[in-house]
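Residues in the sequence shown are numbered from 21 upward in steps of one, following the working numbering.
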Amino acid sequence: MSPEKKRLRVGVLFGGRSGEHEVSLASAASVIRGLDPDKYEAVPIGITKEGHWLVGAGAQKMLPEVLRGGLRVMMTADPTDAALVRLDGSGSGQRVDVVFPVMHGTFGEDGTIQGLLDLAGLPFVGAGVLGSAIGMDKDVAKRLLQVAKIPVVPWIAVQRADWEKNPETVQQAVEKKFKYPVFVKPATLGSSVGMSKVHSREELAPALNLAGEFAMKILVEESVVAREIEVSVLGNQDPQASVPGEIVPHREFYDYAAKYLEQGTQLLIPAKLLPKQVKKIQKLAIDAFRSLELSGMARVDFFLEKEGGKIFLNEVNTIPGFTSISMYPKLWEASGIPFRELIDKLIELALEQHREKARTKYQIELPAGAGGALEA
Ligand SMILES: Nc1ncnc2c1ncn2[C@@H]1O[C@H](COP(=O)(O)OP(=O)(O)O)[C@@H](O)[C@H]1O
Ligand SMILES: [Mg+2]
């Protein structure tokens, strides 16, 4: 590395207040390893489960160490001086040039952090406020996908408050629309947390109560018997789709245990599909990326019905898992983009998106003398 070359300081946000805190640590460690040291300097920024922000002090390289003993900071929302300001009152703020939020779920993937970064005027990797919020809400996402004529599994959305006030009406609505089994899931969560497969009426109320612990809105969905196919999308205005991969869970469905606790789930890359199925799924993934207002990256997950071969879009993940064995980077690797190059492209896309945002006028120039009329 030539000393005169300025390296970009990349703030890697990890941890966070969601149920996916631990998953984030694994993803962030691999993102940091993937940053080309000739071009980038990683600044690990950990958010504890309580919501404290900590930056690694010099020697602290391991992420759990940063969370235990890093320096308490806060990020200012002032774009003229966007910095991580130390809360102990000592020293000036530490600056970063671009942020890579590697936090899954609530307060990371849902637009909240993206809002703060927008206020601070910092470029960041992945979807913006709107795309992140849409991607996080399975009900809103499905409604928009329907408008774009992208097939989704039939569902109803139940407000938790309605379920608590009128459980019988909700049960009737569910049974009028669906036959058991059905899937019940919180509208705004990932990692299969709070989700149940409901086989009969007796299981419905406990499933709705459980999902209601994790979200204000609950989805009840028809159960499909399907293969699970995933595609990685990368880009801003001209998004590209990777080869599809397949998840083969060893349990009844791809639940939390199958995702993180037990071995046995298989990742098949590429998925065994007909060329025309590949083309169709890739097109749907790109259409979805556009209709849901996404940018940078997303993993788009599909169901492919075992009988009849119908394709449904299940969900999008705007900050997918990023460990070295995660589907998102693996699919790009299989499509010709190795991990380090992928991270590089994502940062380029973040900077490009930022430049595009910066072209927008946010203020209007008042004609001379007009200010007076607006004075209170
Ligand atoms: N309607 C459904 N029919 C069949 N399986 C489903 C359905 N919905 C969810 N699943 C199973 O549950 C898993 C997690 O559901 P998903 O909606 O993807 O939530 P999460 O955001 O937590 O990943 C899926 O990967 C699949 O195995
Ligand atoms: Mg999923």
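Ideal placement from N, C-alpha and C gives every residue a C-beta, glycine not left out. Computed from a predicted structure; not experimentally measured.
Item                                                                                                           : Value
Where Thr208 falls, given that 16 or more other Cβ within 10 Å makes a residue buried                          : buried
Closest by C-alpha distance to Thr100, when choosing among Val86, Leu74, Gly141, Thr132                        : Gly141
Nearest-angstrom Cα separation, counted from Ala390 out to Ala235                                              : 48 Å
Cβ pair Lys326, Arg375 closer than 8 Å                                                                         : no
Pick from Ser315, Gln373, Val93 that is closest to Ser112, judged by C-alpha positions                         : Val93
Beta-carbon spacing of Thr338, Glu129 below 8 Å                                                                : yes
Distance cut 6 Å, beta-carbon to ligand 2 heavy atom: residue list by chain order                              : Asp321, Glu335
Counterpart residues of Asp321 in DSSP-defined beta bridges                                                    : Glu250, Glu335
Cα-Cα separation between Asn334 and Asp108, rounded to whole angstroms                                         : 46 Å
Close Cβ partners of Ile67 (< 6 Å) along its chain, the five nearest in sequence each way excluded             : Gly35, Gly36, Trp73
Cβ-Cβ distance between Val43 and Phe120 below 8 Å                                                              : no
Residues near Leu254 in its chain [Cβ-Cβ closer than 6 Å; skip 5 each side]                                    : Gln260, Met317
Secondary structure, alpha helix (DSSP H): runs of 4+ residues fully inside the region 42-71                   : none
Reduced DSSP secondary structure (H/G/I, E/B, other) of Met347                                                 : helix
Those runs of the beta strand (DSSP E) which lie wholly inside the region 248-313 and span at least 3 residues : 265-268, 286-288
Sufficient close CB pairs (3 or more, under 8 Å) joining the region 286-296 to the region 264-278              : yes
DSSP beta-bridge partners of Met95                                                                             : Leu104
Close beta carbons around Glu242, own chain, < 6 Å, minus the five adjacent residues each side                 : Val173, Pro174, Phe198
Of the listed residues Gln179, Ala193, Met215, Ser211, nearest to Phe203 (C-alpha basis)                       : Met215
Cβ-Cβ separation, Ala49 to Leu55 (assumed contact under 8 Å), whole Å                                          : Between Ala49 and Leu55 the Cβ distance is about 11 Å, and since that is not below 8 Å, they are no contact.
Any non-hydrogen atom of ligand 1 within 7 Å of Glu325 CB                                                      : no
Check whether Pro57 and Leu371 have beta carbons under 8 Å apart                                               : no
Supposed contact pair Arg310 and Gly232 - C-beta distance, whole angstroms, cut 8 Å                            : Going by Cβ atoms, the distance from Gly232 to Arg310 rounds to 33 Å, so no, they are not a contact pair.
Arg29 (DSSP reduced to helix, strand or coil)                                                                  : strand
Neighbour-count burial assignment, Asp258, 16 or more Cβ in a 10 Å radius                                      : exposed
Straight-line gap, Glu222 to Val245 (C-alpha atoms, nearest Å)                                                 : 22 Å
Alpha-carbon to alpha-carbon, Trp352 and Met21                                                                 : Any answer about Met21 is weak, because its pLDDT of 48 lies below 50 and its placement is not dependable; what the coordinates show is given next. Met21 and Trp352: Cα-Cα distance of roughly 27 Å.
Three-state class that DSSP yields for Ala177 in the structure shown                                           : strand
Any non-hydrogen atom of ligand 1 within 7 Å of Ala246 CB                                                      : yes
Per DSSP, the bridge partner or partners of Ser216                                                             : Val204
Segment contact, 8 Å Cβ cut-off, at least three pairs: the region 347-365 with the region 155-166              : no
Cβ-heavy atom distance, Leu165 to ligand 1, below 7 Å                                                          : no
Where Val240 falls: helix, strand or coil (DSSP)                                                               : strand
CA-to-CA distance, Gly341 to Ala46, given in whole angstroms                                                   : 9 Å
Delimiting residues of the beta strand (DSSP E) encompassing Leu371                                            : Element bounds for Leu371: not the beta strand (DSSP E) but the alpha helix (DSSP H), 359-378.
Those residues which DSSP pairs with Phe120 across a bridge                                                    : Val32
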